[in-house]
Each structure stands twice: as C-alpha cells, then as structure tokens.
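Here the structure is laid out as structure tokens; the discussion comes afterwards.
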Amino acid sequence: MAFEKRLQKIYAALCLVLPLFIWPKGGDSDHFYLPKVIMLAFFCLVLLVYMIYHQHDIKKFKVMDPIMAVSLTFLLMLTISLFFALDLRESLLGRVYRYEGYLTIVMYLFLFWGSRFIRDDQWILRMLLAGVVIQAIYGIAQSFGFDPVLRDNVRSGWVSTFGTLGNPNFYGSFMVMALPLSIWFMFKQQLQLGAVIYAFVFYALLASMTRGAWLGAVVGLFVTLWLARKSASYLSKISLIFVISFVLLVQFNTSHQNQVVTQALSIPKEAVDVLVQAETAPQAGSYRIFIWTHVLELIEARPLTGYGFDYLPKLFFEYYQKDMQSVMGRLMTIDKAHNEYLNIAVSAGIPSLLAYLALLFIVLKTSISKGKNLLFAVIIAYLIQAFFNISVVSVAYLFWILLGRLVPYASKSIPEAY
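Written out as structure tokens, the structure is:
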C-alpha cells in the first residue's frame with residue numbers, strides 16, 4: 000500500500016543519512032553526537048506527523064499485540080525510574096557528548112513501533128548498505144592515515160578508525176550489524192558486488208580494533224551462514240567468504256604490526272586472569288572487569304530504580320576515585336557501564352532490565368516463526384557485542400529499527416503479517 004511504501008522510504012533515508020551526518024567545526028565542538036540526536040529528532044517528528052495523517056491506514060494493523068504490550072511495559076519501567084533519578088535533567092536529556100537520556104530512548108521505541116508497519120524492507124536494506132560502503136571506505140582511509148574531514152581537539156591526534164561515528168567502539172558496533180547484511184547481499188542479490196561489499200565491511204571491522212565487536216561479528220557470521228545453509232550454491236559462496244576473510248586478515252595483520260593476532264590472543268589470556276582472579280584481572284577487557292565490578296555494587300545499592308540515565312560518571316567520581324587511581328593510574332570519566340545490560344540496570348533499575356530482556360526474548364522467539372533469517376543474525380550479532388560495548392545514538396537507533404523489522408504487525412485483513 001502507498002502508506003507502507005512512503006514509510007519505507009522515510010526509514011531508508013534515515014538509515015542512510017543519520018550515521019553519516021556530522022557537523023565538523025573543529026575545536027571543542029561536538030562533531031558527532033549532538034548533530035545525530037538532532038537529526039534523529041527531526042526524522043521522528045516527520046514520522047509522527049506522517050502517522051497522524053495516516054491514522055486510517057494504521058487502523059488496518061493489529062498494533063496492540065503481545066510485543067507492543069511488553070515494549071510499553073519497558074517504557075513504563077523507564078518512566079517510573081525517572082521519579083528516582085538523582086539528576087532529572089540529565090536523565091531526561093543525557094550527558095553532553097552522549098545525549099542518550101530518557102527522551103532519546105523514547106525515540107528509539109517510536110522507531111521500533113513504526114518500523115513494524117513495514118513488510119518489505121528491500122529499500123531500507125539497500126540504502127543501509129550504501130551507507131555502510133561509504134562508512135567502510137572512510138574508516139579504511141582513516142586507518143591508513145588519510146582523513147580529509149576537520150577534526151575536533153579530542154580526535155586531532157587519533158590514529159584509530161572511527162568513521163563518522165566518533166569512536167572505534169561505535170564504529171565496530173556498526174560494522175557488526177553490517178556484516179550479516181553484506182552476506183545477505185551475496186546470497187540473495189548480486190554475488191560479485193556482495194563480495195566486494197563484504198570485503199569492505201570485513202576490513203573496516205578489523206580496522207576498528209574492537210575486540211567486543213569482533214566477538215559479535217564471529218557469532219553473527221556463523222549464525223548467518225547457518226541460516227543460509229539451504230541457499231543455492233551454498234558451499235561455493237561460503238568458500239568465497241572464508242577466502243576473502245583469510246586474505247584480508249593476513250594483509251591487515253601484516254600491515255599493522257601483528258595487531259590483530261595480539262588483540263585476539265589477549266581475549267583468552269584476560270579471560271583466564273579473571274577466572275583465577277589474578278592481580279591484573281581488574282584491568283581485563285580495557286578495565287571492563289573493574290567497571291563491571293563497581294557497577295554491580297551500585298546496582299546492589301539501588302536495585303529497583305537505578306540512579307538515572309548518564310549519571311554513572313558522577314557516581315564513579317564520588318565513590319571510586321581511589322580505586323581508579325589504584326587500578327587505572329589516573330582518574331577517568333566512566334560514562335557508561337560498557338555493558339548495555341548492566342547500564343540499563345544501573346540507570347533505570349533491574350525491573351527495567353527485565354522488561355528489556357523480555358522484549359528481546361519475545362521478539363526473537365516470534366521472529367523465528369516468521370522466517371526473518373537475515374535480521375535475526377544482525378540482532379544476535381549486536382546483542383553479543385553489547386556485552387562489551389555501550390549504546391550510542393550513532394548505532395542504537397539502527398538496532399531498534401531492525402528489531403522492529405523482525406516482527407511486523409499482523410494485518411486485520413489477513414491472518415499474519417510477513
């Protein structure tokens with residue numbers, strides 16, 4: 000229907016434009032996060048006006064289903080937690096250079112609800128892949144020291160890859176979701192072009208040097224290949240994927256002083272340190288064990304309500320300055336829990352986390368019966384890396400859109416939406 004086609008194009012434009020949107024002014028200005036939040040708010044406003052205008056079309060769908068009920072429960076838990084936030088303004092808007100407070104999460108949920116009206120996501124996936132290729136090429140150029148875009152003071156001396164997403168970790172999270180999409184293009188669309196896209200994405204993922212993203216990518220890769228096992232010429236296509244991966248892995252590792260192997264081998268070593276409680280265990284995962292341990296202490300103190308969104312830096316400076324000096328050797332801004340699940344609990348309480356996990360469970364369970372194989376792999380890959388990374392507007396909005404695409408609304412005119 001016309002309603003759905005126009006809606007699909009709005010979402011496709013959002014998927015293409017938002018990751019690439021920056022405002023490079025130099026100095027201490029925010030090139031990445033505030034511009035993206037403003038752009039996100041603009042698209043949400045466009046969607047809201049569009050849906051109000053097309054209320055008669057919306058009534059043709061069974062909107063109030065179990066998934067909607069669980070998502071509203073999640074929103075309710077987040078809303079209740081606001082009344083107990085230690086800094087209401089920051090909890091609503093988020094802290095500077097992140098802007099992922101309550102209002103931003105409401106926008107994510109709105110995108111999730113809206114994307115469920117779309118049945119055919121070809122436009123969205125193609126535009127997203129176009130943006131992925133641009134992002135990959137730019138990130139690879141950065142890894143070789145070429146960056147034509149004016150940098151701010153924070154990143155002026157960086158040699159790492161961050162594209163237009165502002166941070167190597169966020170860049171890696173983005174490429175984690177892009178990897179299954181590129182494989183889908185190889186299997187379902189054009190093999191040769193898909194292979195080229197996969198090569199760009201894989202190399203860009205390596206360039207991020209983000210171990211959490213690598214773990215998510217490995218899981219996503221194997222889930223994608225397993226789901227595509229009945230495709231035509233499966234063995235030849237999977238062989239091509241592994242050949243491309245091996246060649247690029249060797250080339251990147253050789254040209255970057257064995258960094259990939261060094262980083263990869265550090266994962267089991269640090270895991271052993273944590274298991275045997277070695278002296279260096281708190282430093283494991285770039286101090287993630289140290290952060291998680293203290294975040295769990297904070298959750299134990301306020302398990303039901305949390306402290307409010309983006310309040311974690313103040314808590315660490317208030318309670319753990321000596322610990323940071325001892326383990327890290329200096330004071331650092333611990334802006335998030337570096338684990339999306341713990342971050343929800345410390346920000347909005349365990350009930351909010353349980354509601355979020357319930358939403359993920361019902362969406363994934365429902366999607367299995369609907370045959371959304373590709374997007375299932377994308378979501379699984381993102382959820383794996385989320386154990387080691389943080390939610391940020393540059394990437395999270397895309398996760399919520401694709402999560403909604405997994406479970407389209409049923410139509411009142413036909414038995415089941417597909």
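At position 97 of the sequence shown (counting the first as 1) the number is 96 in our numbering, and the numbers step up by one without a gap. The beta-carbon is built from N, C-alpha and C at its ideal position, and this holds for glycine as well.
Quick one: Cα of residue i to Cα of residue j, how far?
{"i": "Leu87", "j": "Ala347", "result": "12 Å"}
{"i": "Lys61", "j": "Phe251", "result": "49 Å"}
{"i": "Gly171", "j": "Leu47", "result": "31 Å"}
{"i": "Ser265", "j": "Ser285", "result": "11 Å"}
{"i": "Gly156", "j": "Leu39", "result": "29 Å"}
{"i": "Arg210", "j": "Met0", "result": "43 Å"}
{"i": "Glu415", "j": "Ser366", "result": "Reliability of the predicted coordinates at Glu415 is poor, the pLDDT of 48 falling under 50, and the value obtained from them is presented with this limitation in mind. Approximately 12 Å between the Cα atoms of the pair."}
{"i": "Ser90", "j": "Leu373", "result": "35 Å"}
{"i": "Gly328", "j": "Phe161", "result": "26 Å"}
{"i": "Tyr417", "j": "Pro312", "result": "In this prediction, Tyr417 scores a pLDDT of 38, lower than 50, which makes its location untrustworthy; no coordinate-derived value is stated."}
{"i": "Val221", "j": "Asp56", "result": "Here the sequence assigns Phe to residue 221, which means Val is not the residue at that position. So the two alpha carbons sit approximately 39 Å from each other."}
{"i": "Lys24", "j": "Tyr96", "result": "15 Å"}
{"i": "Phe169", "j": "Tyr318", "result": "28 Å"}
In three-state terms, what does DSSP make of residue i?
{"i": "Ser90", "result": "helix"}
{"i": "Leu108", "result": "helix"}
{"i": "Tyr417", "result": "Bear in mind that the predicted position of Tyr417 carries a pLDDT of just 38, short of 50, making it unreliable; the figure below should be weighed with that in mind. In the structure shown, Tyr417 sits in coil (DSSP, three-state: anything other than H, G, I, E or B)."}
{"i": "Ser232", "result": "coil"}
{"i": "Ala409", "result": "strand"}
{"i": "Leu19", "result": "helix"}
{"i": "Arg5", "result": "helix"}
{"i": "Gly219", "result": "helix"}
{"i": "His30", "result": "coil"}
{"i": "His293", "result": "helix"}
{"i": "Ala385", "result": "coil"}
{"i": "Tyr10", "result": "helix"}
{"i": "Gly211", "result": "helix"}
{"i": "Asn252", "result": "helix"}
How about residue i and residue j: are their beta carbons less than 8 Å apart?
{"i": "Gly305", "j": "Ala336", "result": "no"}
{"i": "Val326", "j": "Phe387", "result": "no"}
{"i": "Met176", "j": "Ala11", "result": "no"}
{"i": "Phe31", "j": "Gly165", "result": "yes"}
{"i": "Met174", "j": "Ser207", "result": "yes"}
{"i": "Ser159", "j": "Leu108", "result": "no"}
{"i": "Arg118", "j": "Glu3", "result": "yes"}
{"i": "Phe111", "j": "Leu402", "result": "yes"}
{"i": "Leu303", "j": "Ile349", "result": "yes"}
Rounded to whole angstroms, how far is the Cβ of residue i from the Cβ of residue j, which I believe are closer than 8 Å?
{"i": "Trp399", "j": "Leu341", "result": "Actually they do not touch by this definition, with Cβ atoms about 19 Å apart."}
{"i": "Leu382", "j": "Cys14", "result": "Going by Cβ atoms, the distance from Leu382 to Cys14 rounds to 19 Å, so no, they are not a contact pair."}
{"i": "Phe186", "j": "Ile196", "result": "No, Phe186 and Ile196 are not in contact; Cβ-Cβ is about 12 Å, not under 8 Å."}
{"i": "Phe73", "j": "Tyr355", "result": "6 Å"}
{"i": "Ala380", "j": "Val218", "result": "6 Å"}
{"i": "Gln134", "j": "Thr103", "result": "21 Å between Cβ atoms; not a contact."}
field: Contiguous alpha helix (DSSP H) assignments of at least 4 residues, all confined to the segment 156–206
entry: 167–187
task: Note down, one range per segment and in chain order, each beta strand (DSSP E) of at least 3 residues found wholly within the segment 39–96.
output: none
message: At 4 residues or longer, what runs of the alpha helix (DSSP H) sit wholly inside the segment 303–367?
response: 311–318, 320–327 and 339–347
field: Whole alpha helix (DSSP H) elements within the segment 113–161, 4-residue minimum
entry: 121–142
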